[in-house]
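Here the sequence shown stands for residues 167 to 344, numbered as in this note's numbering. Note that CB positions come from ideal geometry on N, CA and C, so glycine has one too.
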Amino acid sequence: MAMYRKLGKATAPRKAMLRSLTTDVLRYGKVFTTEARAKEVCKQVEKLIALSVREKDNYEMVAVKAKVAKKDADGKRVKEVVDGKKVTVYEEVEKSIQKDKPSRLQARRQILAATYVPTERPGTVAGRKKNTKKVDIAKKLFDEIAPKYVDRKGGYTRIVKVGLRKGDAAMEVLLELV
Numbered sequence: 167m168a169m170y171r172k173l174g175k176a177t178a179p180r181k182a183m184l185r186s187l188t189t190d191v192l193r194y195g196k197v198f199t200t201e202a203r204a205k206e207v208c209k210q211v212e213k214l215i216a217l218s219v220r221e222k223d224n225y226e227m228v229a230v231k232a233k234v235a236k237k238d239a240d241g242k243r244v245k246e247v248v249d250g251k252k253v254t255v256y257e258e259v260e261k262s263i264q265k266d267k268p269s270r271l272q273a274r275r276q277i278l279a280a281t282y283v284p285t286e287r288p289g290t291v292a293g294r295k296k297n298t299k300k301v302d303i304a305k306k307l308f309d310e311i312a313p314k315y316v317d318r319k320g321g322y323t324r325i326v327k328v329g330l331r332k333g334d335a336a337m338e339v340l341l342e343l344v
């Protein structure tokens, strides 16, 4: 007996599909897919959420000094002339950053290995290529999803049967976070 479903695909395409579905479930909270695929994705999502719940508060705040370019009222960098050259003026700023402890860092790397890093594009056509952002799935898991499931012991996903798909009559389901 196999430990996983092959889903009619070779290894690389199957892993890519499951990774993509896992990313979509964590990013959007739900996804429509076939029943067999949903059951496989459910296993991965449950493991990642359990991991993020365990490591949710495993970090320390560290004060760091950083050099930041001084800016004028318009938001442009202030420059001075030194030895006949224009040089940007920098000022030291103290920031407080969140530093992961080793086990949380390992958890973050496991999450990133099991998901893709999706790109978010703005809705307007103007500046569409310039204003793209990478979505941090690990950060979303630790900051948004894990706090909801702290008191819950497993069962983070739900599969709701929708009906038969029109093309091939495969059972279509809605996989969502509870």
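Note to self: On the DSSP bridge list, what partners appear for Phe198?
What the structure shows: Answer is Leu340, bridged to Phe198.
So, using beta-carbon positions, are Asp238 and Val230 closer together than 7 Å?
No, Cβ-Cβ distance for Asp238 and Val230 is not below 7 Å.
Task: Inter-residue spacing [alpha-carbon to alpha-carbon] between Ala273 and Ile263 - done: Ala273 and Ile263 have their C-alpha atoms some 19 Å from each other.
Check your understanding: How would you call Val207, buried or exposed, if buried means at least 16 neighbouring beta carbons within 10 angstroms?
Key -> With a threshold of 16 other beta carbon atoms within 10 Å, Val207 meets it and is buried.
Problem - Helix, strand or coil at Val326 [DSSP, three-state] - result: Note: Val326 maps to strand in three-state DSSP.
* Just how far apart, CA to CA, sit Lys222 and Val247? -> Those two C-alpha atoms are separated by around 49 Å.
Taking 8 Å as the threshold, find out whether the stretch 192-207 comes into contact with the stretch 327-337 through three or more Cβ pairs. At 8 Å Cβ cutoff, the stretches touch.
May I ask whether a heavy atom of the ligand MG can be found less than 6 Å away from the beta carbon of Gln272? Absence of the ligand MG is noted for the structure shown, with no ligands found whatsoever.
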